[in-house]
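One structure is given here, and the rest of the page talks about it.
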Ligand SMILES: [Zn+2]
């Protein structure tokens, strides 16, 4: 009997039927990508199958415990990649169409040990954005995640006097709630000698990165928000 070779890509809760035995109503399934004879992944998200843990264990000749542990670890890694992608998009998407000089300054400002030309910076920014968008568009373990500037949310970031981030809060939709939040943050900052920033990003974690970025990055961040949301 030929043994199907698979690699575990993650664990999903939006796919509740086992593609192996057809059992329904599973709480979660394991995403399996086929491997070719040399052990390389043989396919894209469309080739992934979703097995319940017991069928996955049989397919891999593993224990169910090992399947679950491996799937959780794989999923945690995917989530980390997603988080990194959201940070890259929150930083670089706003400068994607900025003048070359600004794009190069933003790139080398974050990568100070690298030395190179403006052309190289442009290529790196384009590559980082393409990778980040591909990561968030990958549907192996769930629907595509938001990745556009239009998907940015605004966050109020409260900084201490020594520029540590004390809090990151999503800005409310509603105008009076927004003003109330801004006033409270300003008051708090004044009391401790800190400062308040408003940044736009795909999530709160990415907002921290934007808050810590240089002035030029934040200038473009604000422009991008205004261009897409006002
Ligand atoms: Zn099954």
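In the numbering used here, the protein residues as written are 942 to 1171.
Just so it is clear, CB atoms sit at the ideal spot from N, CA and C, and this is done for glycine as well.
From a predicted model like this one, the values you see are computed outputs, not experimental measurements.
Measuring alpha carbon to alpha carbon, tell me which of the options ends up nearest residue i.
i: residue 958; options: 1025, 983, 997, 1166; result: 997
i: residue 1107; options: 1007, 1000, 1137; result: 1137
i: residue 1165; options: 1045, 1052, 1078, 1091; result: 1091
i: residue 1040; options: 1132, 1077, 1141, 1066; result: 1066
i: residue 1076; options: 1018, 1130, 1127, 954; result: 1018
i: residue 948; options: 1060, 1004, 1011; result: 1011
i: residue 1088; options: 1069, 1099, 1105; result: 1069
In angstroms with no decimal places, state the Cα-to-Cα distance between residue i and residue j.
i: residue 976; j: residue 991; result: 15 Å
i: residue 919; j: residue 1097; result: Past the boundaries of the shown model lies residue 919; the chain is included only from 942 to 1171, so the question cannot be answered.
i: residue 1042; j: residue 1056; result: 15 Å
i: residue 1001; j: residue 974; result: 12 Å
i: residue 972; j: residue 994; result: 10 Å
i: residue 1058; j: residue 1163; result: 26 Å
i: residue 967; j: residue 1160; result: 48 Å
i: residue 1131; j: residue 1123; result: 12 Å
i: residue 962; j: residue 1101; result: 56 Å
Does DSSP put residue i in a helix, a strand or coil?
i: residue 1166; result: helix
i: residue 1105; result: coil
i: residue 954; result: coil
i: residue 967; result: coil
i: residue 1077; result: helix
i: residue 913; result: It is not possible to answer for residue 913, since the shown part of the chain is limited to 942 through 1171.
i: residue 1143; result: coil
i: residue 1035; result: helix
i: residue 1171; result: coil
i: residue 1082; result: coil
i: residue 999; result: helix
i: residue 942; result: Here residue 942 scores only 42 on pLDDT, less than 50, and its place in the model should not be relied on; the value that follows carries that caveat. In the structure shown, residue 942 sits in coil (DSSP, three-state: anything other than H, G, I, E or B).
i: residue 1112; result: coil
For this session: Please list, in chain order, all residues with a C-beta atom less than 6 Å from at least one heavy atom of ligand 1.
Result: Matched residues: 959, 961, 962, 964, 992, 993, 996.
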